[in-house]
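As structure tokens, the structure follows; a few thoughts come after it.
Residue numbers (the numbering used here): 35 to 234.
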């Protein structure tokens, strides 16, 4: 987690140490089962296991619910992090700037769900056409579901193939541009947050 508020000070034997918060994407029970399968010879109860969890590791249920930590967001972020070095403009510097260039009005649900003909070529226009060298070999990571668990896997290919991977995550089928389902997800998340804040 990148912000200053996303740190925690832990007292280690009288020494205060600042740690970056880490998000545990599993429940304590799931993490405990994983631990037992990987360390079959160790006898440890779930309560003790939970107490041994580092203080800077937080479970998702204790976080603000307007923060999304799903693999869809993270996979797009991982692609953008590597592609920003190979695209001339700042369209890929972060998720917000990326989604901003894909539609002309982020507050319009129809646009965010790709029901706009005008926006359908924005990815080619603002991202693909600004690549510095599409043949450069790069490495990036993607989260994959393997045996029911999310696993971060390294991939290596050209910038062009990385852009195709990003493009494929934006289209759910060949006939209907769903835009970036990230956008729709983010739009829905933002709308729910705004509704909640109005009530409060």
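In this text, a Cβ means the ideal position worked out from N, Cα and C, and glycines have one as well.
Source: prediction; values computed, not measured.
By Cβ distance below 6 Å, which residues in the same chain neighbour residue i in space, the five residues on each side in sequence not counted?
i, result
"residue 219", "Note that residue 219 has pLDDT 49, beneath the 50 cutoff, so the model's placement of it is unreliable and the number below is only indicative. Counting only Cβ-Cβ distances below 6 Å, and skipping sequence neighbours, we find nothing."
"residue 208", "Model confidence at residue 208 stands at a pLDDT of 36, short of 50, so the residue's coordinates are unreliable; what they give is reported in the following sentence. Within the same chain, residue 208 has no close Cβ partners at all."
"residue 185", "178"
"residue 80", "66"
"residue 243", "Nothing can be reported for residue 243: it is not among the residues displayed for the chain, which extend from 35 to 234."
"residue 46", "none"
"residue 70", "none"
Determine the DSSP secondary structure at residue i, reduced to helix, strand or coil.
i, result
"residue 105", "helix"
"residue 188", "strand"
"residue 206", "Residue placement at residue 206 cannot be trusted, given a pLDDT of 42 that sits under 50; the coordinates are not used to answer."
"residue 134", "helix"
"residue 195", "helix"
Going by C-alpha to C-alpha distance, which of the options sits closest to residue i?
i, options, result
"residue 41", "77, 85 and 89", "89"
"residue 87", "71, 70, 72 and 66", "66"
"residue 163", "198, 177 and 179", "198"
"residue 176", "166, 196, 51 and 165", "196"
"residue 182", "64, 57 and 84", "64"
"residue 171", "192, 159 and 188", "192"
"residue 122", "152, 68 and 160", "160"
"residue 53", "165, 61 and 44", "44"
"residue 187", "165, 108, 74 and 158", "108"
If I'm right that residue i touches residue j with Cβ under 8 Å, what's the distance once you round it to whole angstroms?
i, j, result
"residue 156", "residue 136", "5 Å"
"residue 56", "residue 91", "5 Å"
"residue 105", "residue 84", "At roughly 24 Å, the Cβ-Cβ gap does not stay under 8 Å, so residue 105 and residue 84 are not in contact."
"residue 93", "residue 58", "5 Å"
Got a sec? Which residues, its chain only, sit under 8 Å from residue i by beta carbon, not counting five neighbours each side?
i, result
"residue 114", "126, 127, 128, 129, 132 and 200"
"residue 167", "120 and 193"
"residue 169", "192, 193 and 194"
"residue 68", "60 and 183"
"residue 236", "Residue 236 lies beyond the range of the chain shown here (35 to 234); nothing can be said about it."
Spatial neighbours of residue i within its chain, please: CB distance less than 7 Å, with the 5 preceding and 5 following residues excluded, ordered by chain position.
i, result
"residue 174", "112, 113, 116, 189 and 196"
"residue 165", "120, 121, 193 and 197"
TODO: Tell me the start and end of each unbroken alpha helix (DSSP H) in the region 39–97 that is at least 4 residues and wholly inside, in chain order.
DONE: Whole alpha helix (DSSP H) segments, 4+ residues: 62–72 and 80–85.
Task: Minimum length 4: unbroken alpha helix (DSSP H) runs contained in the region 151–181 - done: If we require 4 residues or more, the alpha helix (DSSP H) runs fully inside the region 151–181 come out as 156–160.
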